[in-house]
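Here is the structure we will look at, set down as structure tokens.
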Amino acid sequence: MAKQALISGLDIGSSQICCVSGIRDEDARVVKVLGAVCVPCDGIKAGAVINIQEAALSIGKAFEETEKTVGSQIENVIVAMRGSFIKSKTSKGVANINYSNKEITQETVETALESARKQIKINSDQEILQTVPREYILNQQGGIQNPIGMEGTYIEVDVHAFIASSSNIGNITKAMNSVGVKYDDRVYGYLAASDILVTREEKELSCLVIDLGGLTTGLVHYVDGIIKHADEISDGSDYITRDIGHKLRAAYSVSKRIKEMHGAAFVYSDFKNEEFEYNGADGRSARKCDRLELVDGIITPRIDRILYEINEVMEKNNYGNEFLSGGIILTGGGSSLYGLAEAFERAFNCSVRNGIPNSDKVKGPDEILLNPSYTAGIGAIAYDFLRSKSCVQKSAGNGIVSKILRWFEEAF
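In terms of the numbering used here, the sequence shown opens at residue 1172 and continues consecutively.
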């Protein structure tokens, strides 16, 4: 059997770089995760580069440590991007079927996708990061997910497009290139994460994926099996850490440790109050605090604010109650806070679970698969591979590559 290429999913997060490496097993149709590393990054804020040198150092370190972990060189890179510089739009395209047998081919589908792309209006400083078909309509019959091989006279496609700032993408590319890392493809991070967490049944029932990051929280809303909305709020788990630091006058690292060891989303029924000690901001003076003050006075107000902001986005964009049947799936580094799922259940009155990569799609060590910080990186490796080729269209810059690959597949 031919040697399988080592692929990396590079997640440009709120304040860290996560690099996940693995291989795509063509025979088993699964992604096998082999290693993963998260590196703090002062050069990244909410997914955007604020210091190229710092960002480059963290990216280089993440790749170096990942390659050491797996003992092999990374050959392909897929970068997962997120942040307020990415917006979403919907569009529609159409293509006539000009073959005598009226059969839809890959070329027909791509013609329809290209037609949809041309309908998307973007500014001169923007570019299309990714387009994702929501459904195909064949001779007015909707709800089709993969039309290849079917017959008809014309086909329409309804797509969800992710539009990004060219300068922000350029800065990420520069930071990567400066340490000799070049990416082969790019995906919207929140979508990549959600795609490996949500079951087909949950998508059909309608559900909401909430990715709680450091400085931002992403929302991906599925209705009747397709993406209905994709949004982001400027709030996340790092703000909980900052609130703790301000109230308790402690350094960021100490505040983070307090949150992880003693924190909870709310005061639950069997909550046990206890006093704990920590070092003050000077690193020397010993201070004391109790869990009730920490949770009820600091953490819960921030959680309530995040819940309020999510609800505001949902109301503004007319989410409705359609996600209630399939419930809410939580992911992202901030989702590990104790009691968070229960807090969302109480706020939205629906089932809530912590997301775990689908075992039918992804295999690997539990310490990686069960760590929500790695989900977007895993999703980046799995996204295009586990979907049918007609379901995702890459960015405009990859058009020539796609044509060459398509010619190669048809020829051999």
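Glycine residues also receive a C-beta, built at the ideal position from the N, C-alpha and C atoms.
C-alpha gap between residue i and residue j, whole angstroms
| i | j | result |
| --- | --- | --- |
| E1235 | P1211 | 14 angstroms |
| E1298 | K1353 | 19 angstroms |
| K1203 | V1533 | 6 angstroms |
| K1239 | L1177 | 13 angstroms |
| I1293 | A1335 | 9 angstroms |
| I1398 | K1487 | 17 angstroms |
| P1472 | E1513 | 15 angstroms |
| D1453 | I1415 | 15 angstroms |
| I1477 | D1406 | 7 angstroms |
| Y1410 | A1199 | 42 angstroms |
| G1264 | R1305 | 12 angstroms |
| D1296 | R1428 | 41 angstroms |
| I1188 | G1503 | 13 angstroms |
| H1433 | N1525 | 20 angstroms |
| I1552 | N1444 | 43 angstroms |
| A1251 | G1341 | 14 angstroms |
| G1510 | N1247 | 38 angstroms |
Neighbourhood of residue i by C-beta, 6 angstroms cutoff - its chain only, sequence neighbours within 5 removed
| i | result |
| --- | --- |
| E1322 | K1273, E1274 |
| L1540 | P1528 |
| E1493 | S1377, V1394 |
| K1232 | V1210 |
Residue i - DSSP class collapsed to helix/strand/coil
| i | result |
| --- | --- |
| V1358 | strand |
| E1285 | helix |
| F1447 | strand |
| N1247 | strand |
| S1544 | helix |
| E1403 | strand |
| R1458 | strand |
| Q1277 | helix |
| G1180 | strand |
| V1394 | strand |
| Y1167 | The requested residue 1167 is not part of the displayed model; the chain covers only 1172 to 1583. |
8 angstroms CB neighbourhood of residue i in its chain, flanking five on each side removed
| i | result |
| --- | --- |
| L1495 | S1377, F1519, N1520, C1521 |
| R1458 | L1419, R1420, A1421, E1448, Y1449, N1450, G1451 |
| E1373 | Y1393, G1497, G1498, I1500 |
| S1255 | A1217, G1218, A1219, T1387, E1403, S1405 |
Cβ-based neighbour list, residue i, same chain, cut-off 7 angstroms, excluding 5 preceding and 5 following
| i | result |
| --- | --- |
| D1366 | G1550, Y1554 |
| G1313 | E1306 |
| V1391 | Y1361, L1362, S1365, V1380, I1398, A1401 |
Using 8 angstroms as the threshold, is the segment 1418 to 1425 in touch with the segment 1275 to 1283, meaning 3 or more CB pairs across them? No, they do not touch.
Flag this pair as touching only if the segment 1340 to 1352 and the segment 1215 to 1228 have three or more C-beta atom pairs under 8 angstroms; answer yes or no. yes
What are the uninterrupted segments assigned as alpha helix (DSSP H) that are 4 or more residues long and contained completely in the segment 1309 to 1351, given in chain order? 1337 to 1348
Between the segment 1314 to 1330 and the segment 1191 to 1207, can you find at least three pairs of beta-carbon atoms closer than 8 angstroms? no
Contained beta strand (DSSP E) runs [length at least 3] in the segment 1196 to 1224, N- to C-terminal order: Listed in chain order, the complete beta strand (DSSP E) runs (minimum 3 residues) inside the segment 1196 to 1224 are 1201 to 1211.
Three-pair Cβ contact test at 8 angstroms for the segment 1181 to 1201 versus the segment 1240 to 1249: Yes: at least three Cβ pairs fall under 8 angstroms.
Can you list, in chain order, the stretches of the alpha helix (DSSP H) that have 4 or more residues and sit fully within the segment 1470 to 1534? 1471 to 1487, 1511 to 1519
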